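Only one structure is covered here, and it is reproduced in the block below.
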Amino acid sequence: MSRSPGRKQDNHKISRELFVLTYGALVAQLCKDYEKDEDVNAYLDRMGYSIGIRLIDDFLARSAVKKCRSYSETADMIAQVAFKMYLGVTPSVSCSSAMGNEFSLILDKNPLVDFVEELPAERASLCYCNLLCGVIRGALEMVQLAAEVTFLQDRLKGDAVTEIGITFLRKPEDRKHKRNK
Ligand code: MYR
Numbered sequence: 763m764s765r766s767p768g769r770k771q772d773n774h775k776i777s778r779e780l781f782v783l784t785y786g787a788l789v790a791q792l793c794k795d796y797e798k799d800e801d802v803n804a805y806l807d808r809m810g811y812s813i814g815i816r817l818i819d820d821f822l823a824r825s826a827v828k829k830c831r832s833y834s835e836t837a838d839m840i841a842q843v844a845f846k847m848y849l850g851v852t853p854s855v856s857c858s859s860a861m862g863n864e865f866s867l868i869l870d871k872n873p874l875v876d877f878v879e880e881l882p883a884e885r886a887s888l889c890y891c892n893l894l895c896g897v898i899r900g901a902l903e904m905v906q907l908a909a910e911v912t913f914l915q916d917r918l919k920g921d922a923v924t925e926i927g928i929t930f931l932r933k934p935e936d937r938k939h940k941r942n943k
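Going by this note's numbering, the letters in the sequence shown line up with residues 763 to 943, in that order.
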């Protein structure tokens, strides 16, 4: 039986939409369970962390990338390889510190909010996509890169762009990395 060429792409679109809708349902449920936005944000971050520490193996296996030589390379890899692979978008990257350890990922398009118009007024401090921060933090920790990851701007909150800040916490030379490729 022959398959129409668009079928695989359609299936991808459907699973991505299902994922995005499921994520929305998760956030909605957490908002019912927790009164404070900070508690929802912390829950999403923890959940993302648990995903990130597992996702890194899949990422390294599928991408076959080499060990990065600088924080700048790592930030580019997250944006150009990991985001592209898992979310189908490529954020732009900028370094925001003279020390070279703080980076911003700017998302023109954020697929996780495809079905979200705006945050309700009473949820003004909610970081709707905070799961992503935990995923990045968890994945980096598994390759011996301690980092703080937070949303710095969010279009859902009326900001002009969505910006994720990554601050690497150690000096690159202190990195004890199991991978030697
Ligand atoms: C290395 O130097 O060992 C490679 C470092 C690779 C870090 C990759 C981190 C992946 C983060 C996944 C984010 C997914 C967001 C959707």
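C-beta: ideal position from N, C-alpha, C; glycine also. All figures in this text were calculated on a predicted structure; none of them were measured in a lab.
The stretch 884 to 892 touching the stretch 855 to 865, judged by at least three CB pairs closer than 8 Å: no
Touch test, the stretch 919 to 930 against the stretch 888 to 905, Cβ-Cβ under 8 Å, three pairs minimum: yes
Cβ-heavy atom distance, L894 to the ligand MYR, below 7 Å: Within the sequence shown, numbered from 1, the residue matching residue 894 stands at position 132. Indeed, a heavy atom of the ligand MYR lies less than 7 Å from the Cβ.
Residue burial classification, L780 (beta-carbon count within 10 angstroms, cutoff 16): For the purposes of this step, residue 780 is taken as the residue at position 18 of the sequence shown. L780 should be labelled exposed.
Backbone secondary structure at C793 - three-state DSSP: The residue given as residue 793 occupies position 31 in the sequence shown. In this structure, C793 counts as helix in the three-state DSSP scheme.
V827 CB to nearest heavy atom of the ligand ATP below 7 Å: The ligand ATP is not among the ligands present in this structure, which contains only the ligand MYR.
Any non-hydrogen atom of the ligand MYR closer than 7 Å to Y833 Cβ: One-based indexing of the sequence shown puts residue 833 at position 71. No; taking the cut-off as 7 Å, the Cβ of Y833 has no heavy atom of the ligand MYR nearer than that.
CB of A901 within 8 Å of CB of G814, strictly: Locating residue 901 in the sequence shown gives position 139, counting from the first residue. Locating residue 814 in the sequence shown gives position 52, counting from the first residue. Yes, they are a contact pair.
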